[in-house]
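In this note's numbering, the protein residues as written are 1470 to 2161. Working notes, beginning with the structure itself.
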């Protein structure tokens, strides 16, 4: 395949809520471009985009996939993305490298949580954005209500380009208010688009929407506005140029209509992609960091410039190895090209370069600036790495993945698999950086932080299927702590005589409570040499070993000061060992007098939610022993700030998902420790007693 000039490229990412028809939209566009000769089926697992075994099994997109085709002599790269919120790491990585975002919206269900979420990503990346209504042939399709919801959520700049002559069963005619033409499709027949004059039944509505379109486009450009005032309208060419410019500046968000399952609207959408969506050159230069000082620089998409390419997705395939999806931002890449990984300084020699058609790899001579493709078996380069010519120190700003919030511990079914689990998770993390791996040293637990339960299920499934590792999910252990309420003193005397040299150590210890978060302090007030100076470090060691396992429930003791202030020694039998044991004895005796208590970790919680769920969320937080600190309004959302025990976080995740249909988002950070309720303390003490 020949290299495609930068100005002939269109890079599109298809996003939206789960079930809005993203994969079938990609399938219908591929069929219209002649890439395939029949529509695949999600039910049968035969679509171009969803080819992985876990995708065909679950009948949902779980990975980014890339297809391409040619329409009106332009190459269109189309990236299909998952709709499930648990896999929005892939959505963000795909959106990072696309030039235009298509947000699919089910005309029967309207704006959903995924619509809101991907809209926020488009703002973060400042991407040209178009809405595509799908399923207009569904029984409950409601075009007017959906347009109203889009404008309510995303503002008056949302502007229809088309409307359906009829909705529901039999839908096959669109009225295009940009062309001011009627477009008729023969369902299920590619190449059947027929353009004609608008029927009288729809002309009045078309004229009203056309005028709204003209005014919306004119408002985006001063020159167009002046021309509009002079002439009272804009020509079709002026509208096209105005829309393309306004897309780039995010001052215009057009709405198109489709029914992908029956190919209705697909050819017209391809025309719009070619004529309205910006090429990499029209999209403009990319932000890059091009010095040791991380100075930001604008990087033009120049095919003749130095090569700078960005890895936005890594996958592993059986019998192939690691696959790296790449966008070329400057210069070109080709087989045999030697590039430097800017992050690591490692040399990478490229093998064959491909473009992708789902899972099919198509060899290409080279990829020029602006194009998207893949290479295999890079040695040390992974997602978010930049490859560049030797001597070039520019790196593309990285993808910022959604923050994982659901913590789960995993344990091997087979003992001894710990190293295999670690290696398997490392490989999976290179494919999906949106989950985090932590090792809890205190409890020796491997903890996965994921975007949700389905995300966790898929990671466990991939460990099993790719690496033959069986794991189970276990509760994350809570790092409770113990402390004291009042000061207390006690003596510890260790005396042992069993023939030969004995053991003797004698100390008096005073323990005092400190402020929360102070940890542990040690001091000596010994005078007169009653405890020789050389034994003081042994006393401290004995105390530090003792605080590691508290007396109530076996958790570390914190926030106290221990002072050795008296004691005695034997000139022959005293030893470091004896004083270490004596200090431990004194500490345990003193703690019993100091009114010990158990502390639990408390986290600061921030929840961003649509207003209608606020009451239920506040109630749920309160039922989980949380405390509401306050509420603010941010855009269309209520922001709830609260404190909540760590023990309640996992059940809060499940409750929030259920209460809000996943429309709310949250994050949390450790705040402090505070006294655990009596019922929690008693339960922990009982658990320790049962183990003894």
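Every residue, glycine too, gets a C-beta built ideally from N, C-alpha and C.
Item	Value
Separation of residue 1654 from residue 2118, as counted between CA atoms	52 Å
Top-ranked residue by Cα proximity to residue 1998, from 2101, 2012, 1976	1976
Start-end ranges of the alpha helix (DSSP H) lying completely within the stretch 1976-2050, minimum 4 residues	2005-2016
Rounded separation between residue 2022 and residue 1989 - CA only	18 Å
Alpha helix (DSSP H) segment containing residue 1564, residue limits	1557-1566
Sub-9 Å separation of residue 1920 and residue 1890 beta-carbons	no
DSSP-derived helix/strand/coil call for residue 2073	strand
Burial state of residue 1917 (16 or more Cβ within 10 Å)	buried
Environment of residue 1613 [buried if 16+ CB atoms lie within 10 Å]	exposed
Delimiting residues of the alpha helix (DSSP H) encompassing residue 1501	1491-1501
Coarse secondary structure for residue 1647, derived from DSSP in three states	coil
Whole-Å CB distance - residue 1981 paired with residue 2029, under 8 Å assumed	6 Å
Local conformation of residue 1909 per DSSP, three classes	strand
Terminal residues of the alpha helix (DSSP H) in which residue 1749 lies	1749-1752
Cβ-based neighbour list, residue 2106, same chain, cut-off 7 Å, excluding 5 preceding and 5 following	2077, 2078, 2079
CB contact flag (residue 1711, residue 1686, <9 Å)	yes
DSSP beta-bridge partners of residue 1857	1777, 1809
Span separating the alpha-carbon of residue 1540 from that of residue 1837	19 Å
Validate contact between the stretch 1838-1856 and the stretch 1787-1800 using beta carbons, cut 8 Å, 3 pairs	yes
Segment limits, beta strand (DSSP E) that includes residue 1765	1765-1768
For residue 2157, the first and last residue of its enclosing alpha helix (DSSP H)	2147-2160
Extent of the continuous alpha helix (DSSP H) to which residue 2127 belongs	2118-2129
Reference residue 2069, options 2101, 1986, 2050, closest by Cα	1986
First and last residue of the uninterrupted alpha helix (DSSP H) at residue 2142	Note, residue 2142: premise wrong, no alpha helix (DSSP H); beta strand (DSSP E) at 2134-2144.
Cβ-Cβ distance between residue 1501 and residue 1549 below 9 Å	no
Straight-line Cα distance separating residue 1478 from residue 1717	15 Å
Counted within 10 angstroms of its Cβ, other Cβ atoms place residue 1779 as buried (16 or more) or exposed	buried
Contact the stretch 1948-1960 vs the stretch 1569-1588: 3+ CB pairs below 8 Å	no
Environment of residue 2027 [buried if 16+ CB atoms lie within 10 Å]	buried
Residue 1529, buried or exposed, once every other Cβ within 10 Å from all chains shown has been counted against 16	buried
6 Å Cβ shell around residue 1515 - same chain, five flanking residues per side excluded	1509
Cross-strand partners of residue 1614 (DSSP beta bridge)	Its beta-bridge partners do not exist; DSSP assigns none.
Neighbourhood of residue 1744 by C-beta, 7 Å cutoff - its chain only, sequence neighbours within 5 removed	1709
Cα-Cα separation between residue 1909 and residue 1531, rounded to whole angstroms	29 Å
The stretch 1593-1609 in contact with the stretch 1802-1815 per 3-pair CB rule at 8 Å	no
Expected contact under 8 Å - CB spacing of residue 1946 and residue 1914 to nearest Å	6 Å
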